[in-house]
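Here the sequence shown is numbered in full-length UniProt numbering, starting from 1 and rising by one per residue. One structure is given below, encoded as structure tokens.
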Amino acid sequence: MGARDGPFARTAVSGGANTKEPFMSSHATPIPMMSSACGPLQGQAHVPGDKSISHRSLILGAMCIGETRITGLLEGDDVLDTAKAMRAFGAEVTDHGGGQWSVRGVGVGGFAEPDHVIDCGNSGTGVRLIMGAMATTPITVTFTGDASLNGRPMGRVTDPLALFGTRAVGRAGGRLPMTLVGAAGPVPVRYVVPVPSAQVKSAVLLAGLNAPGQTVVIEKEATRDHTERMLQGFGATLTVEDTDEGRVITLTGQPELQPQDIVVPRDPSSAAFPVCAALIVPGSDVLVPNIGLNPTRAGLFTTLQEMGADLTFENLRSEGGEPVADLRARFSPDLRGITVPADRAASMIDEYPVLSVVAAFAQGVTDMPGVKELRVKESDRIDAMAQGLRAAGVTVDEGPDWWRVTGVGHGHVPGGVTVQSRLDHRIAMAFLVMGMAAQNPVIVDDAAPITTSFPIFEPLMNDLGAQIARISA
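What follows is the structure, given as structure tokens:
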């Protein structure tokens, strides 16, 4: 199938607005924002629901027979795009208001062929998990996204999906827009994940649901394990074993998944921003309640404590099989640089941008090795943060798989720059946090991508005492 044949010749639909090829979505107009030095941040920060668990709740709910009820779903653009996709596959997805959602599923292997292109916006997690979920059902689906997503590599997912019998046709370099033809006679696979990626692992496991026999995924370095936990919770037969070969995950295919009632914990990746802001703004004392502390996600908080952060965990408990606590973060004027262990990267990969901001306010050098995955996120996050930090007066060194921030200490970060978010929500939020404690304001050229994961970021931070303002064109 050529780029101008079949699905690529149709009109894409995104939120009711038609666009012609190359089926690139446009979810928002630029929203420049300025963050200025502020007084103490005080109060409670009720951050949104966990994005990873929200995506998986919708997808697994759509693969059940019966109704899954979800409380606390993250209602950011990324997750809403996944909800639209599940509707396109035939599931009944209902927003009941107040973070209450339900999904009436179609069963494993029951996805219908969508009659339009699936637009995943900015979400690498969404598109890769959805590709896995449909890969072993004999339907043809075309995927697209925004400029950032359409520049990200999909071969890391489509290559293992091909082992099941799935076919993929996309742009050069394995990029979206891309059409997947699901396997009509899928076979189980045994796959060693070549890079630490929960998205790749999860895509293979979701594909294995509709393959006979046992699908085995081996990861040499443990990544976030929400998919494994949730598959077991939905009734799949899945085992995890630590061996000399690595972490071996074995899934028995073609189960009848059982609908669940899910309470989504609050997102530790979103919590990172008010927590880190409190550490660098004088006099701050912020409580962030009900944060998921899955050990495959909590690396940032361990790292901050090692840097000398006044960060404590209160009311430790378990909800839905996931560890949860309230995080209290207080201003920490004596932060110091450390070397972050490379084997911790997978548990905090999304938090490195804001960690680098904290490192700028610390004394000494913070080394961050083993982070090449940052090069292929929504943007090249190492390059984006390095350029912005240098412009703000901070020394940064970098390589293909590492970077190093030399902190200048509290009160000595000049700021006074305009930085590019590069359609990356975490880059935008990280630099807005920097502006709260820099000597001069920091402007982000486009903060619109923040809505993909943290739609209430601006009012939440301002309610705590930040000074974030939109800049009129």
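Even glycine gets a Cβ: it sits at the ideal position worked out from N, Cα and C.
{"Item": "Opening and closing residue of the beta strand (DSSP E) in which Leu311 lies", "Value": "310-319"}
{"Item": "Candidates Val365, Glu373, Gly292, of which the one nearest Arg343 by Cα", "Value": "For the sequence presented, residue 343 should be read as Asp rather than Arg. Here the closest residue by C-alpha is Glu373."}
{"Item": "Per DSSP, cross-strand counterpart(s) of Gln100", "Value": "Thr71, Gly97"}
{"Item": "N- and C-terminal bounds of the alpha helix (DSSP H) containing Glu228", "Value": "226-233"}
{"Item": "Proximity winner among Gly299, Arg190, Ser52, relative to Ala346 (alpha-carbon distances)", "Value": "Gly299"}
{"Item": "Rounded Cβ spacing between Val216 and Gly132 (contact assumed at less than 8 Å)", "Value": "Actually they are not in contact, since the Cβ atoms of Val216 and Gly132 sit about 15 Å apart, beyond 8 Å."}
{"Item": "Any 3 or more C-beta pairs closer than 8 Å across the segment 277-297 and the segment 216-227", "Value": "yes"}
{"Item": "For Pro188, three-class secondary structure by DSSP", "Value": "coil"}
{"Item": "Coil, strand or helix - Glu322 by DSSP", "Value": "strand"}
{"Item": "Bridge partner(s) assigned by DSSP for Glu256", "Value": "Answer by DSSP bridge pairing: none, since Glu256 is not bridged."}
{"Item": "Buried/exposed call for Ser26, threshold 16 Cβ in 10 Å", "Value": "With a pLDDT of 46 at Ser26, under the threshold of 50, the predicted position of this residue should be treated as unreliable, though the coordinate-derived value follows. Exposed."}
{"Item": "Reduced DSSP secondary structure (H/G/I, E/B, other) of Asn462", "Value": "helix"}
{"Item": "Residues that DSSP places opposite Gln44 in a beta bridge", "Value": "Leu287"}
{"Item": "Residue closest to Pro259, alpha-carbon to alpha-carbon, out of Asp463, Gly165, Val444, Ile65", "Value": "Ile65"}
{"Item": "Beta-carbon proximity of Val405 to Thr366, cut-off 7 Å", "Value": "yes"}
{"Item": "Backbone secondary structure at Val394 - three-state DSSP", "Value": "coil"}
{"Item": "Within-7 Å CB hit, Pro186 to chain C", "Value": "Of the protein chains in the structure, only one exists, and it is not chain C."}
{"Item": "Paired residues, beta bridge with Phe143 - DSSP", "Value": "Ile118, Met178"}
{"Item": "Pair within 7 Å by beta-carbon distance, Pro48 and Leu74", "Value": "yes"}
{"Item": "Alpha carbon of Phe143 to alpha carbon of Leu60, nearest angstrom", "Value": "19 Å"}
{"Item": "Cβ contact check for the segment 191-204 and the segment 160-175: 3 or more pairs under 8 Å", "Value": "yes"}
{"Item": "Selected residue, minimal CA-CA separation from Leu327, among Gly337, Arg381, Ala272, Val371", "Value": "Ala272"}
{"Item": "Selected residue, minimal CA-CA separation from Asp261, among Ser472, Ser54, Ala469", "Value": "Ser54"}
{"Item": "Contact test: Pro153 Cβ vs the ligand ATP heavy atom, cutoff 6 Å", "Value": "Looking for the ligand ATP in the displayed structure turns up nothing, as the structure carries no ligands at all."}
{"Item": "DSSP state of Arg375 mapped onto helix, strand, coil", "Value": "helix"}
{"Item": "Residue environment, Asn315, which counts as buried when at least 16 other CB atoms sit within 10 Å", "Value": "exposed"}
{"Item": "Per-residue DSSP class, three states only, for Gln439", "Value": "coil"}
{"Item": "Local conformation of Pro274 per DSSP, three classes", "Value": "helix"}
{"Item": "Closest residue to Arg247 among Trp402, Gly124, Ile456, Val192 (Cα-Cα distance)", "Value": "Val192"}
{"Item": "Residue environment, Ser269, which counts as buried when at least 16 other CB atoms sit within 10 Å", "Value": "buried"}
{"Item": "Alpha-carbon spacing of His412 relative to Arg156, whole angstroms", "Value": "42 Å"}
{"Item": "From Ile468, Asp463, Asn462, Ile456, residue whose alpha carbon lies closest to that of residue 482", "Value": "Because the chain spans 1 through 473 in this model, residue 482 falls outside it and cannot be assessed."}
{"Item": "Arg422 beta carbon less than 7 Å from that of Ser379", "Value": "yes"}
{"Item": "Classification of Ile471 by the beta-carbon crowding that lies within 10 angstroms, buried from 16 upward", "Value": "exposed"}
{"Item": "Enclosing alpha helix (DSSP H) for Val264 [first to last residue]", "Value": "First-last for Val264: undefined, no H or E at that position."}
{"Item": "Rounded straight-line distance, which links the Cα of Ser57 to that of Gly90", "Value": "16 Å"}
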